[in-house]
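This report refers to the structure that appears directly beneath it.
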Ligand SMILES: NC(=O)c1ccc[n+]([C@@H]2O[C@H](COP(=O)([O-])OP(=O)(O)OC[C@H]3O[C@@H](n4cnc5c(N)ncnc54)[C@H](OP(=O)(O)O)[C@@H]3O)[C@@H](O)[C@H]2O)c1
């Protein structure tokens, strides 16, 4: 069960924002002094996640203040919460969770004015308000609800970079997407189809219909069947690698474990607001569909527990408002 704590101010959070002026001259008159934020105070099991009442963060030069509509769950945050990513992703405790943000600008900066709907890959989005450098944000898609758009930054950018930057899929490529039923996979299937590939996807019974509906040409149930070979590229989105993985394709892209092969790439997605804007354009054109399972922010700790037991699928958003 989520513990509710009331804690003092730390880090970049400070005084109430009432009557502060944005760079665009708008007043942030309706911003409260405090907000709820899902934080960890120490590394450990899911019980270290607590919803704290903390001061609303104050944006610095070039930063916007966002009223968060939703964030999303990313499984890598389970590792962060457990302390497994300490060496690669140092955070200061207490740390506010949430990498994906979808929300409305309250205090503007750069190209963004109060009232603009934005998305982005940031830190500290699992809260009622978040700050971000204006340069890392993109305008939210207009075709889908703002809360659903929280599904896009991490999963969408990772899929984009896997398909276009690393796998360099083209018309007629045969691509095997292993783990198509997850948050990244649902984007990867659609982007690979958009690139003109013949998409073979692995999905279990709970995700097969969604993966097929999003355009996969062939869906292989990984729970009963071996993974098919004869592919030009394998995009691996699963934490465990399939047996004899190097026999399945000529080239390999992995977002989890490295694959031992001369033509294999493992990568960590980078923040690229330009790519995010291109992805938003595809969403608005109806080329890419965004499917989410929406939960309240209060369910975050339970979600971590479910993910640890392999019980989550697809993209799960966390509504904050
Ligand atoms: N390198 C990076 O920058 C980066 C970025 C984002 C994520 N990641 C990592 O990439 C992985 C995927 O991320 P995600 O957000 O897509 O995760 P996710 O949404 O939690 O993925 C869950 C899905 O994994 C599928 N799955 C589990 N075991 C499988 C297997 N043996 N074969 C095929 N599918 C399997 C399940 O599919 P079914 O529903 O079909 O059973 C489930 O829907 C995670 O390990 C994450 O930490 C890395």
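In my numbering, the protein residues as written are 12 to 332.
Even glycine gets a Cβ: it sits at the ideal position worked out from N, Cα and C.
Please read these numbers as outputs of a predicted model, since none were measured by experiment.
Under 8 angstroms, do residue i and residue j count as touching if we go by C-beta distance?
i: residue 76; j: residue 117; result: yes
i: residue 189; j: residue 100; result: no
i: residue 162; j: residue 126; result: no
i: residue 60; j: residue 155; result: no
i: residue 178; j: residue 244; result: yes
i: residue 108; j: residue 199; result: no
i: residue 102; j: residue 95; result: no
i: residue 104; j: residue 51; result: yes
i: residue 84; j: residue 329; result: yes
i: residue 257; j: residue 231; result: no
i: residue 203; j: residue 222; result: no
i: residue 160; j: residue 130; result: yes
i: residue 6; j: residue 136; result: Absent from the structure is residue 6, since the part of the chain shown begins at 12 and ends at 332.
i: residue 278; j: residue 266; result: yes
i: residue 74; j: residue 143; result: yes
i: residue 86; j: residue 317; result: no
i: residue 286; j: residue 110; result: no
Quick one: is residue i buried, meaning 16 or more other Cβ sit within 10 Å of its Cβ, or exposed?
i: residue 255; result: exposed
i: residue 56; result: exposed
i: residue 311; result: buried
i: residue 169; result: buried
i: residue 98; result: exposed
i: residue 70; result: buried
i: residue 280; result: buried
i: residue 197; result: buried
i: residue 36; result: The predicted position of residue 36 is uncertain, since its pLDDT is 41 and thus under 50; no value can be drawn from it.
i: residue 322; result: exposed
i: residue 63; result: buried
i: residue 235; result: exposed
i: residue 320; result: exposed
i: residue 314; result: buried
i: residue 307; result: exposed
i: residue 220; result: exposed
i: residue 122; result: exposed
i: residue 237; result: exposed
i: residue 72; result: exposed
Residue range of the alpha helix (DSSP H) that residue i falls in?
i: residue 200; result: 194 to 205
i: residue 315; result: 311 to 319
i: residue 271; result: No alpha helix (DSSP H) holds residue 271; DSSP gives it neither H nor E.
i: residue 223; result: 219 to 224
i: residue 164; result: 164 to 171
Leaving out the 5 sequence neighbours to the left and right, which residues in its chain are closer than 6 angstroms to residue i when beta-carbon positions are compared?
i: residue 284; result: 147 and 149
i: residue 4; result: With the chain running from 12 to 332 in the structure shown, residue 4 is simply not present.
i: residue 324; result: 192, 217 and 218
i: residue 80; result: 113, 114, 157, 158 and 332
i: residue 276; result: 177 and 264
i: residue 153; result: 295
i: residue 272; result: 257 and 263
i: residue 250; result: 267
i: residue 303; result: 159, 162, 326 and 328
i: residue 253; result: 238
Between residue i and the rest of its own chain, which residues show a CB-CB distance below 8 angstroms, the 5 nearest in sequence each way excluded?
i: residue 242; result: 185, 186, 187, 211, 259, 260 and 261
i: residue 182; result: 206, 207 and 208
Hey, quick one: how far does the beta strand (DSSP E) through residue i stretch, first residue to last?
i: residue 141; result: 140 to 144
i: residue 131; result: 128 to 132
i: residue 307; result: 303 to 307
i: residue 230; result: 229 to 231
i: residue 213; result: 209 to 213
i: residue 51; result: 45 to 51
i: residue 42; result: Segment: none, residue 42 is in no beta strand (DSSP E) and carries neither H nor E.
i: residue 136; result: It is not in any beta strand (DSSP E) - residue 136 carries neither H nor E in the DSSP assignment.
i: residue 328; result: 326 to 330
i: residue 149; result: 148 to 150
i: residue 185; result: 185 to 189
State yes or no: is the beta carbon of residue i nearer than 8 angstroms to at least one beta carbon in chain C?
i: residue 109; result: Here there is only one protein chain, and chain C is not present.
For residue i, which residues from the same chain have a beta carbon less than 7 angstroms from its beta carbon, with the 5 sequence-adjacent residues on both sides left out?
i: residue 305; result: 158, 328 and 330
i: residue 34; result: Residue placement at residue 34 cannot be trusted, given a pLDDT of 44 that sits under 50; what the coordinates show is reported in the next sentence. Excluding sequence neighbours, residue 34 sits near 119 and 120.
i: residue 225; result: 197, 200, 201 and 300
i: residue 274; result: 261, 262 and 263
Less than 7 angstroms between the CB of residue i and some heavy atom of ligand 2, yes or no?
i: residue 213; result: Ligand 2 is not part of the structure shown, which contains ligand 1 as its ligands.
Exercise for the section: Taking only runs that begin and end inside the region 66 to 123, name each unbroken beta strand (DSSP E) of 3 or more residues, in chain order. Expected result: The DSSP assignment places 74 to 83 and 111 to 118 as complete runs of the beta strand (DSSP E) inside the region 66 to 123, in order along the chain (cut-off: 3 residues).
Exercise for the section: Return the chain-ordered ranges of every beta strand (DSSP E) run that is complete within the region 236 to 297 and spans a minimum of 3 residues. Expected result: Counting only runs of 3+ residues, the beta strand (DSSP E) found wholly inside the region 236 to 297 occupies 242 to 247, 260 to 265 and 275 to 277, in chain order.
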